[in-house]
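Trainee: Structure provided below as structure tokens; questions to follow.
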Amino acid sequence: MSTKQIMHLIDQIDDLGVLALSFTGGEPTLRKDLPDLIYHTGVVHGFMNGIATNGYLLPKLFKDHNLEGLDYILLSLDYPKAELHDKMRGIKVFDKVLESIKLANKNDIKPIISTVVMKDNLKYLENMCELAENLNCSIEIYPCEDIIRDYPENTYQINNISDLIPDISIWANLMRSLRRRYKNILTDPISIEVVENGGFGGYPLYHQKTLRCHVAEAYIFISHDGYVHYPCKIHPISSFNALKHSLHNIYYSKEVKAIMKKHDSYNFCENCRLGCAIASSIPTRWKTVYSKYIKGFLDGNLR
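With positions in the sequence shown counted from 1, the corresponding number in our numbering is that position plus 1194.
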């Protein structure tokens, strides 16, 4: 999409009453107009506004722009050592992530580390929490999982993914222990409970009774080509062209409302434990905790 098309969609998102917007990918820092989009989102419209990035291009982005209007940056970091993280990522990015965190703090933008837990980095989680604490940074920690991305033209799945997925019980117990010692951990007790008990799905005998997935209701996923996907970006069973139809008409259409009501009763919801789906479902399920949850997310003190 062009800059003008994206800004027009941001205008429509504001009209819907949405409170927060984030740029993800792929890699959003590859777009040369990202600073303009951030300004339009955070300053013109006043959204809580963030980007999710690997951090590789951020130091240069900070050098060239002040990124006015940006509230937080979610940075991928899976190991506390450069040689391990860079090997997994395939590029030398560890030092750039640390530099980006320092630049974010300097510019009053909240840095958040996002760590994907695998078998071989489970032993480093306390080191990750300590690193984040020393960098004045929050951290979210969720386990790797078997995600099958379904698209009309192709299906994507990681081979031998079971070799990477950690023992969920060990992860959950470790997270409870770490939360008692580190106040900068964003992965909350409800999320830990949902993941430990099997995640979403399992209809009609759901894996856990704590929370249903509300991602179709809570999120509006708009891809690079202007299509909106439901129920989620992983399994887009229905897609709508937001460049031809208004977001209001799409969101309130009978087809989308029917999808929302199904929550995680689809077959592909089986054992889904995506952190973004859980986090977005919590304030939708318990509306009274919304403002506290969002504030806690940015302050890094979800207790």
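From the three backbone atoms N, C-alpha and C, an ideal C-beta is built for every residue, glycine too. In this text, all values refer to a predicted model and were calculated from it rather than measured experimentally.
What ranges does the alpha helix (DSSP H) occupy inside the stretch 1248-1309, keeping only unbroken runs of at least 4 residues that lie completely in it?
Mentor: With a minimum length of 4 residues, the continuous alpha helix (DSSP H) runs that stay inside the stretch 1248-1309 are 1252-1258, 1276-1283, 1288-1300.
Trainee: For Y1250, which of Q1351, E1293, Y1273, N1315 has the nearest alpha-carbon?
Mentor: Looking up residue 1250 in the sequence shown gives position 56. Answer by Cα proximity: E1293.
Trainee: What's the C-alpha gap between K1438 and P1274?
Mentor: The residue labelled residue 1438 in the question sits at position 244 within the sequence shown. The residue labelled residue 1274 in the question sits at position 80 within the sequence shown. Looking at the two C-alpha atoms, the distance is approximately 46 Å.
Trainee: Hey, how far is the Cα of A1412 from the Cα of L1215?
Mentor: As a working mapping, residue 1412 is identified with position 218 in the sequence shown. As a working mapping, residue 1215 is identified with position 21 in the sequence shown. Whole-angstrom Cα-Cα distance: 11 Å.
Trainee: Short of 7 Å in beta carbon distance, which residues of its chain neighbour F1434, apart from the five on each side in sequence? Order them along the chain.
Mentor: As a first step, residue 1434 is located in the sequence shown; it is residue number 240 there, counting from the start. Counting only Cβ-Cβ distances below 7 Å, and skipping sequence neighbours, we find Y1421, V1422, I1444.
Trainee: Between which two residues does the alpha helix (DSSP H) holding N1443 run?
Mentor: Reading the sequence shown from its first residue, position 249 is the one you call residue 1443. Element bounds for N1443: 1441-1445.
Trainee: In three-state terms, what does DSSP make of T1404?
Mentor: Within the sequence shown, numbered from 1, the residue matching residue 1404 stands at position 210. Here T1404 sits in coil by DSSP.
Trainee: Quick one, which of C1407, P1305, D1314 has its alpha-carbon nearest N1378's?
Mentor: To locate residue 1378, count along the sequence shown from 1; it is residue 184. For the residues C1407, P1305, D1314, the minimum Cα distance to N1378 belongs to P1305.
Trainee: Checking 7 Å against the spacing of the C-beta atoms, do L1264 and G1240 come in under that value?
Mentor: Within the sequence shown, the letter at position 70 stands for residue 1264. Within the sequence shown, the letter at position 46 stands for residue 1240. Going by C-beta atoms, L1264 is not nearer than 7 Å to G1240.
Trainee: Quick check on DSSP: helix, strand or coil for G1236?
Mentor: Here the question's residue 1236 lines up with position 42 in the sequence shown. Helix.
Trainee: Taking only runs of the beta strand (DSSP E) that begin and end inside the stretch 1407-1464, which ones reach a length of at least 3 residues, in chain order?
Mentor: Qualifying beta strand (DSSP E) stretches, in chain order: 1421-1425, 1430-1435.
Trainee: Using a threshold of 7 Å, state whether the C-beta atoms of D1272 and T1223 are closer than that.
Mentor: Here residue 1272 refers to the residue found at position 78 when the sequence shown is read from its first residue. Here residue 1223 refers to the residue found at position 29 when the sequence shown is read from its first residue. Not a contact, by the Cβ cut-off of 7 Å.
Trainee: Under 7 Å between the Cβ atoms of I1408 and T1349?
Mentor: Indexing the sequence shown from 1 puts residue 1408 at position 214. Indexing the sequence shown from 1 puts residue 1349 at position 155. The displayed chain sequence assigns His, not Ile, to residue 1408. No, they are not a contact pair.
Trainee: For M1369, does the three-state DSSP call read helix, strand or coil?
Mentor: As a position in the sequence shown, residue 1369 is number 175, starting the count at 1. M1369: helix per DSSP, three-state reduction.
Trainee: Considering just the uninterrupted stretch of the alpha helix (DSSP H) at I1384, what are its terminal residues?
Mentor: In the sequence shown, counting from the first residue as 1, residue 1384 sits at position 190. Counting along the chain, the alpha helix (DSSP H) containing I1384 begins and ends at 1383-1390.
Trainee: Applying the criterion that 16 or more other CB atoms from any shown protein chain within 10 Å of the CB defines a buried residue, is H1418 buried or exposed?
Mentor: Translated into positions along the sequence shown, residue 1418 becomes position 224. It is exposed - the Cβ of H1418 has fewer than 16 other Cβ atoms within 10 Å.
Trainee: Could you check the C-alpha separation between G1392 and S1432 for me, to the nearest Å?
Mentor: The residue you call residue 1392 lines up with position 198 of the sequence shown. The residue you call residue 1432 lines up with position 238 of the sequence shown. Computed Cα separation, rounded: 26 Å.
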